[in-house]
Amino acid sequence: MEVVGIWRYPVKSLQGEALDAAVVEGDGLEGDRLWGVRDGHTGRILTARRRPELLHAAASYRDAQPVITLPDGRMAEGPGPTTDRLLSEWLGSPVSLVAAVGEGPGRAEYFEDATDDTSQAIEWTMPDSRYVDAAALLVLTTASLRSAAALHPSGTWEPRRFRPNILVDAMIENNGDGWVEDAWVGHSVRAGSAVLRPSQGCIRCTMVTREQPGLHADRDVFRTLVRHHGATFGVWCDVTASGSVAVGDDVSVSAEADQNTEERGVLPLG
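The sequence shown runs contiguously to residue 290 in the numbering used here.
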């Protein structure tokens, strides 16, 4: 198996950037989800579950500062009044760009029914210091993408729809494809010089149904995962040894499960 894609998302729910290589820190990819757009009325961090237009903007870094490009091409660099005015004008309500570090755990919302934006909105609290949903890194395999695509061939199963940090090219020997990464939970996974521990499957939500640049809205993507795979797709991973990872690096999985792996509550997020 090998790494065939790496992505980081500087600002929560905005389009991210593809990387050839990345540093894996103790709590995630360097620069990943360190910023969020905060609602001025509620104090919650906005996500594309509640504000799908966020997926039509993009974020990258310049000299360690986040650079946001809006759908109309306007750009803002770093936090501050100018950026906040631009984002507030675009979204039609008062918002601000805030750092995850030093702000305390962020609060956000998801819909009870991932296919119905009128269903009840439920609040959850993210881990401290990054605006990630559940754990440090999200890993997905090409085998799972192919398996899902075979079940819903008219859908577009591009990695970008599912926002992984690392995409691994994998295949089950003699059996073609399958949900390969499910079996990694509790084992150690080495990618490049970093060591990860998958902790739980990523339960998907409204996000995977959303329209993105070049991807149409598709509720049947989520319905397919519900029918055939318990709504999960990819695995959340903790970092047990920091290091570096690059496209083309080998990926290996330990034969024995880690007996110290703790069970976690399953989060209805994605």
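Note that the Cβ used here is the ideal one computed from N, Cα and C, for glycine as well.
Just so we're clear, the structure is a prediction, and the values are computed from it rather than from any experiment.
For residue i, the three-state DSSP class (helix, strand or coil)
| i | result |
| --- | --- |
| Ser219 | strand |
| Asp104 | helix |
| Leu235 | strand |
| Ala163 | helix |
| Gln39 | It should be noted that the sequence gives Leu, not Gln, for residue 39. Three-state DSSP puts Leu39 in coil, outside helix and strand. |
| Met227 | helix |
| Asp202 | helix |
| Ala277 | coil |
| Pro72 | helix |
| Asp258 | strand |
| Arg58 | strand |
Test item: CB-CB of residue i and residue j under 9 Å
| i | j | result |
| --- | --- | --- |
| Val255 | Gly25 | no |
| Gly198 | Asp238 | no |
| Asp278 | Arg217 | yes |
| Ala120 | Tyr151 | yes |
| Gly48 | Ala79 | no |
| Met191 | Thr162 | yes |
| Leu165 | Pro179 | yes |
Pairwise C-alpha distance: residue j and residue i
| i | j | result |
| --- | --- | --- |
| Ala20 | Thr102 | Here the chain has residues from 21 to 290 only, and residue 20 is not among them. |
| Asp40 | Gly98 | 24 Å |
| Gly250 | Val241 | 13 Å |
| Ser274 | Ala261 | 14 Å |
| Glu45 | Thr244 | 34 Å |
| Thr62 | Ile88 | 22 Å |
| Trp55 | Glu276 | 37 Å |
| Leu107 | Glu123 | 19 Å |
| Ser167 | Leu117 | 38 Å |
| Pro31 | Asp189 | A small correction: the amino acid at residue 31 is Val; Pro does not occupy that position in the sequence shown. Computed Cα separation, rounded: 26 Å. |
So, do the stretch 122–140 and the stretch 76–94 have three or more beta carbon pairs nearer to each other than 8 Å?
-> no
What residue ranges within the stretch 145–190 form continuous alpha helix (DSSP H) runs of no fewer than 4 residues, ordered along the chain?
-> 162–171, 179–182
Would you be able to state if there are at least three C-beta pairs under 8 Å between the stretch 72–86 and the stretch 142–156?
-> Under the Cβ criterion (8 Å, minimum of three pairs), the stretch 142–156 does not count as touching the stretch 72–86.
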